[in-house]
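Chains as they are written, first to last, in the numbering used here: chain Z, -1 to 377; chain R, -1 to 377; chain X, -1 to 377; chain E, -1 to 377. Note that the Cβ used here is the ideal one computed from N, Cα and C, for glycine as well. It should be emphasised that the depicted structure is a prediction, and the values quoted were computed from it without experimental measurement. Below: one structure, written as structure tokens.
4 protein chains.
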Amino acid sequence: MNMKGKELRVGLIGHKFMGKAHSNAYRKIPMFFQPESRICLDTLCGIGEDLEETARRYGFSRFCTDWRRVVEDPKIDIVDICTPDNFHREIAVAAAGAGKHVVCEKPLALSYAEAREMTGAVTRAGVKNLCNFTYRGVPALMLARKIIKDGGIGRVLQLDMRYLQDFALSPDTPFGWRMDTVQAGPGIAGDKGAHVIDLARFLADEPVEVCGCSSLYVHERPVSGTSERKEVTTPDAVFFLINFHKGAKGVFTVSNASAGRKNALLLEIYGDRGAIRFDLERINELEVYIEKKEDALNGFRTVNVTESFHPMMYAWWPSGHVLGWEHAFVHQLYGFIRAIETDGRNESAFEDGMLAQRVIDAVGKSIVENRWIRVDTIH
Amino acid sequence: MNMKGKELRVGLIGHKFMGKAHSNAYRKIPMFFQPESRICLDTLCGIGEDLEETARRYGFSRFCTDWRRVVEDPKIDIVDICTPDNFHREIAVAAAGAGKHVVCEKPLALSYAEAREMTGAVTRAGVKNLCNFTYRGVPALMLARKIIKDGGIGRVLQLDMRYLQDFALSPDTPFGWRMDTVQAGPGIAGDKGAHVIDLARFLADEPVEVCGCSSLYVHERPVSGTSERKEVTTPDAVFFLINFHKGAKGVFTVSNASAGRKNALLLEIYGDRGAIRFDLERINELEVYIEKKEDALNGFRTVNVTESFHPMMYAWWPSGHVLGWEHAFVHQLYGFIRAIETDGRNESAFEDGMLAQRVIDAVGKSIVENRWIRVDTIH
Amino acid sequence: MNMKGKELRVGLIGHKFMGKAHSNAYRKIPMFFQPESRICLDTLCGIGEDLEETARRYGFSRFCTDWRRVVEDPKIDIVDICTPDNFHREIAVAAAGAGKHVVCEKPLALSYAEAREMTGAVTRAGVKNLCNFTYRGVPALMLARKIIKDGGIGRVLQLDMRYLQDFALSPDTPFGWRMDTVQAGPGIAGDKGAHVIDLARFLADEPVEVCGCSSLYVHERPVSGTSERKEVTTPDAVFFLINFHKGAKGVFTVSNASAGRKNALLLEIYGDRGAIRFDLERINELEVYIEKKEDALNGFRTVNVTESFHPMMYAWWPSGHVLGWEHAFVHQLYGFIRAIETDGRNESAFEDGMLAQRVIDAVGKSIVENRWIRVDTIH
Amino acid sequence: MNMKGKELRVGLIGHKFMGKAHSNAYRKIPMFFQPESRICLDTLCGIGEDLEETARRYGFSRFCTDWRRVVEDPKIDIVDICTPDNFHREIAVAAAGAGKHVVCEKPLALSYAEAREMTGAVTRAGVKNLCNFTYRGVPALMLARKIIKDGGIGRVLQLDMRYLQDFALSPDTPFGWRMDTVQAGPGIAGDKGAHVIDLARFLADEPVEVCGCSSLYVHERPVSGTSERKEVTTPDAVFFLINFHKGAKGVFTVSNASAGRKNALLLEIYGDRGAIRFDLERINELEVYIEKKEDALNGFRTVNVTESFHPMMYAWWPSGHVLGWEHAFVHQLYGFIRAIETDGRNESAFEDGMLAQRVIDAVGKSIVENRWIRVDTIH
């Protein structure tokens, strides 16, 4: 059969958790959506004995261990960065310099300064760029955004944003790179913090001032496959308040040690005419309250966001045939592909990554200095 | 202080579970509602060593052990029957004959024939009568009825009605009078069956034809305070289908052996434009779905039925300050008092008890004969 | 019939919302519990045309409009204070001085200084005293406390405590005394804040340091029954962080303007071996997670806290026959009566009210000074 | 890179809804699981202008419109049947005759007689066969089965099995082949009935006797893309009771007209020591109740079935990163591939399809004859 369209060749750097999620998403796009181009999984770059086997299973044509080969390869159109955070800056800047379109997992960088440099690089190069705040690709949250932007819940007053998991509760959980401030900067404040801060921006407004505190529960952890133990240098949980530009206020919690919470991104946004609630563990549902005066039927409604007229759902299955966590990646990467194809804009560009990073830095500073910090004092 | 109004003196027969619930309700009425008369707890009739103490605690002026003294006492205005089911008929007929207003707990009788006799007696005597289907007094179900009667969910198509508890699961649960067909007739088919059948009639339509089956899991039980064991002669669970007059169909389950269900009266009624759901364990909530074509916000809404504009709620607490199980009795008995005061009609008269009994008998016959039974063949 | 025991005569000051809740509770105690004494509703004190009628309906023998008559009446044993907050101090101190046992609704006072004075007065007088943090009387929360104190969820790490209603959302909601800082001091920070702070203390630990911010959405409100409007001088919502003595951290939100939330006291407490969750709108349920390593059935369980072996439930109805909001008052006041009868201790004495007040003051100061405040700097 | 293993070439017949679901599943297997063979999407067979484009998008090498070419093609190893039900028999028998391994969507056939013939054909041919009851591939239901088979809920007493959607509520919903008894036999009794009957068998026991009734709400529907209307000849809803071999009883409802239910496969199974509950709209959750005597923490626990030690979850994402509806197909087809590779057995063979079909026929007969029907009287 004839294959239509021009090719878009992907070089993916990082073959672990996020590399798998991105690969799966690229593979699903042509089956469920209608890109004009052919997306080719060209090169998988990583480190580890399982690399060749992984590349084959993910459907890549080639593999390599040096990310510079990907960046410099003239056949590659898209460089997709799924490495630990401390490599983001260097790879992204190099890729932009080489004229590649760039995808980078969140958090964009280790600091606002790095993020600013990266954003400058893609802007100067004029390449498409995506900081993959993947939850912007969840249909229920796309619907939430539409409701809020259309004024459905009125003026936003109050945010309660939490991202809770519990894998770090056990002292036996092995050391991971996110527990090392060298590789992960602010750790959970960047990792999970980036999500809740980005979603506050996506759904509501810009943070102006923050004040937080943090906790570290397990100070030392075993290193997998060794008898060593390593010191944990990032917190297990961060708690903070935010004042927003248009007057809303919010309480934020991110924790890897909230017992019983497996992947609970819990969002509640209250406006003066309604409210929305969301739990990532029930990714297909949005709870919506629209105030009507003395309406005997007022109540939060549980919307099963799987109807063909809901965001992105025309592409998938019939009503009620639910999507999973991985599908948000498909939507994000498809949006990015379309931006390339149409020379248009995609959701959650590097600039968004940068603005989230600034708030993350402000939270970090507020913890260190034990006081409120204005976001615009971060440079 | 002056006490307004004429007195209504209550003689209550049966001082156990239901006697307690009725006493509590009578005591609450004057505090939360505005009856014209003064409700006086006159005589508590029962059998047991705790009777005097109980009468004092419940606030009755007197007590006695012979129900005939209550029925014949000229000072008594209301005879309230909270005895085992096999006494209902005789007491109610005698009370009506003595010109008393009569309250009787459900199920009204042991059989349709008995229920017909009782209904005839109160009708002939021209006295007010209440067969206390207490769940008609739950605000969420009063709201459900209003929604359905107003056409809010369209034509009713499908009912899923269940009443599940689990106290009978354990073989150690002692023998109770409801397990003895002499005292309790059809047992759970009457006890819990009366509730789901009455609510089907209250909320939707008249049953026309039924087909059921039943289970008995524990055939013998210990008798409390003895070393005896006694044979159980009523089922632990009954399952049945109903065809309704206007074409709806329903599946019904009542069980005392549904593990984990403590007092789960689970109702779902689907119409051609919406649906309602209810769970007695969350007595203050009604879930309502109103179909709107391609409305992105379609979903079941959870209505907290505690606003001042919800049924009966003007009398209680502010929004969200929830009621309990006992409050439905207050609403039912207050409605009965008002019917006496205004010579009006109350919800759930003996006639409703009788019509439910006919369906219960039909279910019983369908189990014995292992076939569909038309309700109008029951005499 | 003989009435046993000595009398305890109650003088209740304040006949509105709380006065009704307390009256109802006193009336229920003898029916459901076994106090040694006879509780007599002696005098209802209040202001308003409905006072006489209300006293009659609530079952009081007398009524009056001057609280001093109640305090000075030698027949009165218990003075129960349900007035606006600005009267608490003067009445409580006078009542203690007159040797009465004293009940006072929360928040105990307008300030820590007042609360300290009140606590000193009852201590010096040696009278029983109750600051009615009514939610300590909710069986699900009594169970939560037992679980936590028994180490069921391990060391407490994280609290998410919210008390959300939405009555203040509408600009048409009339001015109430809680919106006036003269009558209500810190307003919602005291009113709802007292509950979440007390429950944090009841369930977990002592607050050490706080940092908060507040919002006022509707600056002026109509005065009922007039064409006037009045300036609102207390906030609609308060948000704060707390560091606790043993190292836990918490985020707290109290708001009267959270759309769709009717009476949502939402508590989540995470320990290093489990977690509990509670929502006052589902007052009979407690969600409990107890971590077991690699147990395929790990999950939050929804406990219907209505079994006879659950706290206080021996006194009420069979399993699953749920209680309402009002029942917590019965438990609190019964505990107080028992403390009088046995010369024992009751839950939530004035000292607890005082310690909560200190935290409330610290939150207020942190808002004004826009910084973290140590609780022990409040005098 | 070298591609390991022998090839397994798939010929897929039917390129609509189920064809898409199967194609997606085959594509995901090598990425997430470790089959020994290479699965090649060889030929897509269907009818329609979009066939070529669809084949390309799904990743098939070839396409054709005559299913006989697929069956007869010596290169094809697996024939996968996703056509309307009335083609199942002929294709499956031919495929088996040609020595192909056969996958067939449920319901296996239009009748028990057909299903028996098909089962005979694959048995005689000695080919692997899968009747794709896809919900056997849902991890939460695999866990449910394990719990039940291990005796976790004790002896099964009671089943409440429902499969509810609402697409047929609107009279504007166009005619589909499932509404035509020629193409779909018993219609919803086969389509959705097959699922609930199979899951009853999978999770509990064998049906022995059934009694049901059915409803048709919309008698005529528009034909898409025309101005025609066509008569509906299958019911919109079927309700039935089942007596099971070991004594359990169940109530079953399948409906396409249950307002607000999008894809609600609602299962409740009660045993004498516990219970499980499941809702397909929350596909990652299983609710489990395990009775412990007088345990204050008894309650249904909501298990998020996404831990690495839960069925199949080792292959996917970290805890709490939820799966969607489509993933069950991956598990079912992977099991089938493994059966081929190891000459082993897969879940839900044609025999299971046949046994479900017998019950479906019994339900149909009970509706027509308005009486209980023993399953073993169906031939």
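C-beta neighbour in chain X for R:Ile145, strict 8 Å: Position 147 of the second sequence, counted from the first residue, corresponds to residue 145 of chain R. So no, R:Ile145 is outside the interface.
Unbroken beta strand (DSSP E) run spanning E:Val208, endpoints: The sequence position of residue 208 of chain E within the fourth sequence is 210, counting from 1. From DSSP, the beta strand (DSSP E) with E:Val208 extends over 205 to 213.
Inter-residue spacing [alpha-carbon to alpha-carbon] between Z:Gly12 and Z:Pro105: Here residue 12 of chain Z corresponds to residue number 14 of the first sequence, with the count starting at 1. Here residue 105 of chain Z corresponds to residue number 107 of the first sequence, with the count starting at 1. Using only the alpha carbons, I get a separation of about 15 Å.
Cβ neighbours of E:Met(-1) in the same chain (closer than 7 Å, five flanking residues each side left out): Here the question's residue -1 of chain E lines up with position 1 in the fourth sequence. Because E:Met(-1) sits at a pLDDT of 46, beneath the cut-off of 50, its placement in the model cannot be relied upon, and the following sentence gives the value as read from the coordinates. Excluding sequence neighbours, E:Met(-1) sits near nothing in its chain.
CB contact flag (Z:Cys209, X:Asn241, <8 Å): Translated into the one-based positions of the first sequence, residue 209 of chain Z becomes position 211. Translated into the one-based positions of the third sequence, residue 241 of chain X becomes position 243. No, the pair does not count as a contact, with Cβ atoms beyond the cut-off.
Residues in the region 300 to 319 of chain R having any Cβ partner in chain Z nearer than 7 Å: Thr300, Val301, Asn302, Phe307, His308
Selected residue, minimal CA-CA separation from R:Gln156, among R:Ile335, R:Ile267, R:Phe250: Reading the second sequence from its first residue, position 158 is the one you call residue 156 of chain R. The candidate whose alpha carbon is nearest that of R:Gln156 is R:Ile267.
Chain R contact residues for Z:Glu292, given Cβ-Cβ distances below 7 Å: As a working note, residue 292 of chain Z is residue 294 in the first sequence. Under the 7 Å cutoff, chain R gives Phe307.
Spatial distance of Z:Met116 from Z:Trp175 (CA atoms): Taking the first sequence and counting its residues from 1, the one referred to as residue 116 of chain Z is at position 118. Taking the first sequence and counting its residues from 1, the one referred to as residue 175 of chain Z is at position 177. Each residue's Cα considered, the two are about 22 Å apart.
Chain-ordered neighbours of X:Leu201 on chain Z, where CB pairs are closer than 8 Å: Position 203 of the third sequence, counting from 1, holds the residue named residue 201 of chain X. The contacting residues do not exist; X:Leu201 stays about 15 Å from chain Z at best.
Beta-bridge partners of E:His99, as assigned by DSSP: Sequence index remark: in the fourth sequence, residue 99 of chain E carries index 101 (1-based). Looking at the DSSP assignment, E:His99 forms a beta bridge with E:Ile76.
The beta strand (DSSP E) enclosing E:Asn130, as first and last residue numbers: The count along the fourth sequence starts at 1 and reaches residue 130 of chain E at position 132. Where E:Asn130 is concerned, the enclosing beta strand (DSSP E) stretches over 127 to 130.
Residues bridged to X:Lys228 [DSSP beta-bridge criterion]: If you number the third sequence from 1, residue 228 of chain X lands on position 230. Answer by DSSP bridge pairing, in chain order: X:Arg219.
Neighbouring residues, chain Z, relative to R:Leu265 (Cβ below 7 Å): Mapped onto the second sequence, residue 265 of chain R falls at position 267. What R:Leu265 touches in chain Z: nothing, since even the nearest Cβ is about 17 Å away.
For X:Thr411, three-class secondary structure by DSSP: Outside the modelled stretch of chain X, which goes from -1 to 377, sits residue 411 of chain X, for which no answer is possible.
DSSP-derived helix/strand/coil call for E:Gly322: The count along the fourth sequence starts at 1 and reaches residue 322 of chain E at position 324. Here E:Gly322 sits in coil by DSSP.
Span of the beta strand (DSSP E) around Z:Ile365: Position 367 of the first sequence, counted from the first residue, corresponds to residue 365 of chain Z. Element bounds for Z:Ile365: not the beta strand (DSSP E) but the alpha helix (DSSP H), 348 to 367.
Boundaries (first-last residue) of the alpha helix (DSSP H) holding R:Lys26: Here residue 26 of chain R refers to the residue found at position 28 of the second sequence. That run of the alpha helix (DSSP H) goes 15 to 30.
Euclidean distance between Cα positions of X:Asn196 and X:Asp350: Along the third sequence, read from residue 1 onward, the residue named residue 196 of chain X stands at position 198. Along the third sequence, read from residue 1 onward, the residue named residue 350 of chain X stands at position 352. In the sequence on display, residue 196 of chain X carries Asp and not Asn. Cα to Cα, X:Asp196 sits roughly 7 Å from X:Asp350.
Chain R contact residues for X:Met140, given Cβ-Cβ distances below 9 Å: For the purposes of this step, residue 140 of chain X is taken as the residue at position 142 of the third sequence. Residues of chain R passing the Cβ test: none, with the nearest at roughly 16 Å.
Any C-beta of chain R under 8 Å from that of X:Arg25: The count along the third sequence starts at 1 and reaches residue 25 of chain X at position 27. Yes, its Cβ sits closer than 8 Å to a Cβ of chain R.
Cross-chain neighbours of E:Phe165 in chain Z, by beta carbon under 7 Å: Taking the fourth sequence and counting its residues from 1, one reaches residue 165 of chain E at position 167. Correct list: Ser317.
Completely contained beta strand (DSSP E) runs for the region 242 to 282 of chain R, where each covers 3 or more residues: 247 to 253, 262 to 269, 272 to 277
Limits of the beta strand (DSSP E) - the one that E:Phe61 falls within: Sequence index remark: in the fourth sequence, residue 61 of chain E carries index 63 (1-based). Counting along the chain, the beta strand (DSSP E) containing E:Phe61 begins and ends at 60 to 62.
Exposure label - R:Phe327; buried when at least 16 CB within 10 Å: In the second sequence, residue 327 of chain R corresponds to position 329, counting from 1. With 16 or more Cβ atoms within 10 Å of its Cβ, R:Phe327 is classed as buried.
Proximity to X:Arg199 [Cα-Cα], best of X:Asp170, X:Lys291, X:Leu39, X:Leu353: If you number the third sequence from 1, residue 199 of chain X lands on position 201. Answer by Cα proximity: X:Leu353.
Neighbour flag for R:Tyr268 against chain E, beta carbons, 8 Å: What you label residue 268 of chain R is simply residue 270 of the second sequence in a count that begins at 1. Yes, R:Tyr268 lies at the interface with chain E (some Cβ there is under 8 Å from its Cβ).
Z:Met29 versus Z:Gly183 - alpha carbon distance: Mapped onto the first sequence, residue 29 of chain Z falls at position 31. Mapped onto the first sequence, residue 183 of chain Z falls at position 185. Approximately 38 Å between the Cα atoms of the pair.
N-terminal and C-terminal residue of the beta strand (DSSP E) that X:Tyr56 is part of: If you number the third sequence from 1, residue 56 of chain X lands on position 58. No beta strand (DSSP E) contains X:Tyr56, which is instead part of the alpha helix (DSSP H) from 49 to 56.
E:Val91 versus E:Phe348: straight-line alpha-carbon distance, rounded: The residue labelled residue 91 of chain E in the question sits at position 93 within the fourth sequence. The residue labelled residue 348 of chain E in the question sits at position 350 within the fourth sequence. In a straight line, the C-alpha of E:Val91 is about 12 Å away from that of E:Phe348.
Member of Z:Lys18, Z:Gly3, Z:Ala23, Z:Pro172 whose CA lies at the smallest distance from the CA of Z:Gln330: Here the question's residue 330 of chain Z lines up with position 332 in the first sequence. Comparing Cα-Cα distances from Z:Gln330 to each of Z:Lys18, Z:Gly3, Z:Ala23, Z:Pro172, the minimum goes to Z:Ala23.
Residues sharing a beta bridge with X:Arg122, DSSP: Stepping through the third sequence from its first residue, residue 122 of chain X is reached at position 124. DSSP output for X:Arg122 lists no bridge partner at all.
Boundaries of the beta strand (DSSP E) in which R:Met311 is found, first to last residue: On the second sequence, position 313 is the one that residue 311 of chain R refers to. Per DSSP, R:Met311 belongs to no beta strand (DSSP E) and is neither H nor E.
Amino acids of chain R, ordered along the chain, whose beta-carbon sits closer than 8 Å to that of Z:Val286: Locating residue 286 of chain Z in the first sequence gives position 288, counting from the first residue. What Z:Val286 touches in chain R: Leu295, Gly297.
E:Val125 to Z:Phe237 span [Cα, whole Å]: As a position in the fourth sequence, residue 125 of chain E is number 127, starting the count at 1. As a position in the first sequence, residue 237 of chain Z is number 239, starting the count at 1. Approximately 60 Å, taken between the alpha carbons.
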